[in-house]
Amino acid sequence: MLQIASLRRAPETGSGTPHAGTTDSNLSTQLGSQGLKTPLYHQIYLILKGQITDGVYGTDARLPSEQDLTERFGVSRITAKRAMDELAAEGLVVRERARGTRVIYQPPSASIASSVEGLLENLIAMGLETTVKLLEFAYLPAPNSVAEALEIERGAEVQRAVRVRTLDSAPFSHLTTYVPSALGRQFSAEELSSLPLLSLLERCGVKVDSASQTISATLADHVVARCLGTDPGAALMKISRVVRDQNGIPVEFITALYRPDRYQYRMSLSRVQGETEKRWAADDNADKSELLKAGAS
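Residues in the sequence shown are numbered consecutively from 97, following the numbering used here.
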């Protein structure tokens, strides 16, 4: 079954030593491969922040000293200090005189699993409160890519909405949806602010039957980064989905962006016999049953 899970891991304790496989040379390579026009201190901050949230440095672990960072990255002491100060300003570490820099970040405590297609229903079923903020709502001519996805004429009117959904007061998804105008005109912006889009479509008489989606990665631009509370250039999981009714007609095109430090994409695989050798394969039946649930977006 295809699943998406909130990263709510039990707090880790750390000795201040990165997990096996993390070396100084790896860190230097990361710094050189950021590919962003970003100050060096901020690049170091992003690398260390990623290691903290990934558990490389657990709670109470000691980070490398400023001198260690200058040697690892080939930067000045001032640059290393600014990176550490930025971590402290975000509440990830505390700087202690004569003792160094200690991690105080506490990873979320429990794991939540739900299918990509039925994310919202699973969260609600678990008693977790999500909220949505409608950022944009308008009717406009369909861009070429949207017209192709919805199988309509180029320039045909569509409803476009941009929303951010939060869980436990923390943003976890940035959603951009397009709906054919004939359907979109049957509900208001206020209703979209309080009800899942698929629920509104079904209220309009649409019988959602299936969906096809692609999963990839992208980088957060300044607008999305601000909405999701992350850094410009941060990696995001991107899901693009076309939802169809029982006649195979597209009724929704959605692009969802997720913070990978809060959600992971999981897939259950089985070892099956191919024509010449065994291979890994997803459980097609499980995937289909989830798609037929037509989860909320």
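Idealized CB from N, CA, C, for every residue including glycine.
Just so we're clear, the structure is a prediction, and the values are computed from it rather than from any experiment.
- Taking just the CA atoms, how far does R259 sit from T326? Position 230 of the sequence shown, counting from 1, holds the residue named residue 326. Position 163 of the sequence shown, counting from 1, holds the residue named residue 259. Each residue's Cα considered, the two are about 16 Å apart.
- Item | Secondary structure, beta strand (DSSP E): runs of 3+ residues fully inside the region 230-290 | 253-263 and 266-276
- Along the beta strand (DSSP E) that carries Y201, what are the first and last residues, could you check? On the sequence shown, position 105 is the one that residue 201 refers to. Neither: Y201 is in no beta strand (DSSP E) and is coded neither H nor E.
- Which parts of the region 314-387 are runs of the alpha helix (DSSP H), unbroken and 4 residues or longer, counting only runs that do not cross its ends? 318-324
- Message: Less than 8 Å between the C-beta atoms of R340 and A316, yes or no?
- Response: In the sequence shown, counting from the first residue as 1, residue 340 sits at position 244. In the sequence shown, counting from the first residue as 1, residue 316 sits at position 220. No, these two residues do not count as a Cβ contact at 8 Å.
- Y359: which of P328, A266, P276 and D305 sits nearest, CA to CA? Working through the sequence shown from its first residue, we reach residue 359 at position 263. Nearest option by C-alpha distance: A266.
- Pick out whichever of H270, G187, R193 and I345 has its Cα sitting closest to the Cα of V228. Counting from one through the sequence shown, the residue named residue 228 turns up at place 132. It is H270.
- Query: Between the region 280-299 and the region 365-372, do three or more beta carbon pairs fall short of 8 Å?
  - Reply: no
- Query: Can you tell me the Cα-Cα spacing of Q309 and S336, whole angstroms?
  - Reply: In the sequence shown, residue 309 corresponds to position 213, counting from 1. In the sequence shown, residue 336 corresponds to position 240, counting from 1. Whole-angstrom Cα-Cα distance: 5 Å.
- Query: Who are the near neighbours of A377 in its chain, counting only those whose CB is closer than 7 Å to its CB and skipping five residues on each side?
  - Reply: Here residue 377 corresponds to residue number 281 of the sequence shown, with the count starting at 1. Excluding sequence neighbours, A377 sits near L365, S366 and V368.
- Query: Using the rule of at least 16 other Cβ atoms within 10 Å of the residue's Cβ for burial, across every protein chain shown, is Q342 buried or exposed?
  - Reply: Residue 342 sits at position 246 when you count from the first residue of the sequence shown. Under this definition Q342 is an exposed residue.
- Message: Buried or exposed for E167, going by 16 or more other Cβ atoms inside 10 Å?
- Response: Taking the sequence shown and counting its residues from 1, one reaches residue 167 at position 71. E167 should be labelled exposed.
- Inter-residue Cα distance where the pair is S205 and R198: Here residue 205 corresponds to residue number 109 of the sequence shown, with the count starting at 1. Here residue 198 corresponds to residue number 102 of the sequence shown, with the count starting at 1. Confidence in S205 is poor, its pLDDT being 49 and thus under 50, which makes the residue's placement too unreliable to answer from.
- Given a cut-off of 8 Å, decide if Y137 and G178 are closer than it, judged by their beta-carbon atoms. What you label residue 178 is simply residue 82 of the sequence shown in a count that begins at 1. What you label residue 137 is simply residue 41 of the sequence shown in a count that begins at 1. Note on residue identity: the sequence assigns Arg, not Gly, to residue 178. Going by C-beta atoms, R178 is nearer than 8 Å to Y137.
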